[in-house]
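See structure below.
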Ligand code: URA
């Protein structure tokens with residue numbers, strides 16, 4: 017995902033094929049620019065979006081991209097899939113290099129974030145950040161009141177050998193609930209209602225942290241977010 021910084025000499029070697037001695041010389045001749053400033057330090061740490069020019073050749077100049085998609089039912093949260101349409105297939109080809117920051121199941125709908133910024137997606141999905149994810153869920157059977165306590169207590173998932181983090185369950189009506197998770201285990205909400213033998217009929221994520229799905233954004237449509245808008249995901253209200 018390219019979230020890590022790499023040393024300047026390593027980056028130059030990867031992009032130009034120069035050997036260590038050539039790189040040393042090029043640096044000493046002041047022919048390397050990092051974010052438009054001459055740099056002579058071979059060990060300078062270079063981030064994913066730092067511009068690097070070597071002898072008039074731009075070897076790195078990527079801009080961060082943030083996309084918010086209203087995922088439709090049926091699209092797979094993956095960049096490639098041999099059998100199904102992916103969420104990346106729904107975007108113009110200029111976004112084919114993006115990765116997903118927090119997946120949704122194929123039949124789930126709603127807010128999905130994509131980016132080329134590995135640091136941003138890591139902060140969104142990192143378990144210790146505990147970003148709230150809001151889901152509206154419809155169930156096949158009437159919701160048992162005991163679910164509220166069970167979701168709040170956490171459930172043991174034998175496969176992962178974990179107890180789920182406390183989750184908030186608000187019963188909206190007999191068959192509809194609002195669930196707030198701070199993590200994203202595989203099929204988590206379906207498995208949690210599964211304990212009560214209550215199949216999930218639909219699952220829609222409408223908010224992650226401080227970022228909500230715009231009401232005007234139709235299913236299958238997307239918005240490009242500015243850096244400032246993208247950072248709003250970390251604002252907790
Ligand atoms: N829980 C699920 O079961 N599915 C999702 O897509 C998200 C949370």
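Numbering (the working numbering), first residue to last: 17 to 253.
Every residue gets a Cβ at the ideal spot worked out from N, C-alpha and C, and that includes glycine.
For residue i, the first and last residue of its enclosing beta strand (DSSP E)
| i | result |
| --- | --- |
| residue 239 | 238-241 |
| residue 223 | 216-224 |
| residue 235 | That residue, residue 235, is in no beta strand (DSSP E); it is neither H nor E in DSSP. |
| residue 125 | 125-131 |
| residue 86 | 82-87 |
| residue 76 | 73-76 |
| residue 70 | 68-70 |
Residue i classed as buried or exposed, judged by whether at least 16 other C-beta atoms fall within 10 angstroms
| i | result |
| --- | --- |
| residue 20 | exposed |
| residue 217 | exposed |
| residue 100 | exposed |
| residue 25 | buried |
| residue 163 | buried |
| residue 172 | exposed |
| residue 242 | exposed |
| residue 168 | exposed |
| residue 232 | exposed |
| residue 246 | buried |
| residue 109 | exposed |
Cβ-Cβ separation, residue j to residue i (assumed contact under 8 Å), whole Å
| i | j | result |
| --- | --- | --- |
| residue 68 | residue 32 | Going by Cβ atoms, the distance from residue 68 to residue 32 rounds to 10 Å, so no, they are not a contact pair. |
| residue 86 | residue 237 | 6 Å |
| residue 154 | residue 202 | Rounded, the Cβ-Cβ distance is 21 Å, inconsistent with contact. |
| residue 120 | residue 93 | 5 Å |
| residue 130 | residue 140 | That pair is no contact at about 11 Å. |
| residue 229 | residue 126 | 6 Å |
| residue 134 | residue 64 | 6 Å |
| residue 184 | residue 205 | That pair is no contact at about 12 Å. |
| residue 123 | residue 96 | At roughly 19 Å, the Cβ-Cβ gap does not stay under 8 Å, so residue 123 and residue 96 are not in contact. |
| residue 114 | residue 81 | 6 Å |
Run of the alpha helix (DSSP H) containing residue i, from where it starts to where it stops
| i | result |
| --- | --- |
| residue 164 | 162-169 |
| residue 211 | It is not in any alpha helix (DSSP H) - residue 211 carries neither H nor E in the DSSP assignment. |
| residue 158 | Unbroken run through residue 158: none, as it is neither H nor E. |
| residue 46 | Looking at the DSSP string, residue 46 is not in any alpha helix (DSSP H), and its letter there is neither H nor E. |
| residue 282 | Outside the modelled stretch of the chain, which goes from 17 to 253, sits residue 282, for which no answer is possible. |
| residue 190 | Run containing residue 190: none; DSSP gives neither H nor E here. |
| residue 26 | 24-32 |
| residue 137 | 134-141 |
Residue of the options minimising C-alpha distance to residue i
| i | options | result |
| --- | --- | --- |
| residue 225 | 197, 22, 243 | 197 |
| residue 152 | 194, 243, 87, 72 | 194 |
| residue 57 | 110, 36, 154 | 36 |
| residue 249 | 121, 54, 137 | 137 |
| residue 174 | 208, 119, 240, 61 | 208 |
| residue 128 | 170, 83, 168 | 83 |
| residue 66 | 79, 234, 72, 73 | 79 |
| residue 146 | 47, 200, 246 | 200 |
| residue 41 | 28, 92, 81 | 28 |
| residue 222 | 112, 234, 104 | 234 |
| residue 75 | 107, 141, 50, 81 | 50 |
| residue 158 | 139, 212, 106 | 212 |
| residue 143 | 44, 108, 188, 180 | 180 |
| residue 149 | 252, 52, 107, 88 | 252 |
| residue 156 | 219, 215, 64, 95 | 215 |
| residue 72 | 88, 47, 95, 89 | 47 |
| residue 52 | 45, 59, 77, 38 | 77 |
Next on the checklist: Any residue with its C-beta under 5 Å from a non-hydrogen atom of the ligand URA counts. Can you list them all in chain order?
Outcome noted: 120, 121, 124, 203, 204, 205, 206
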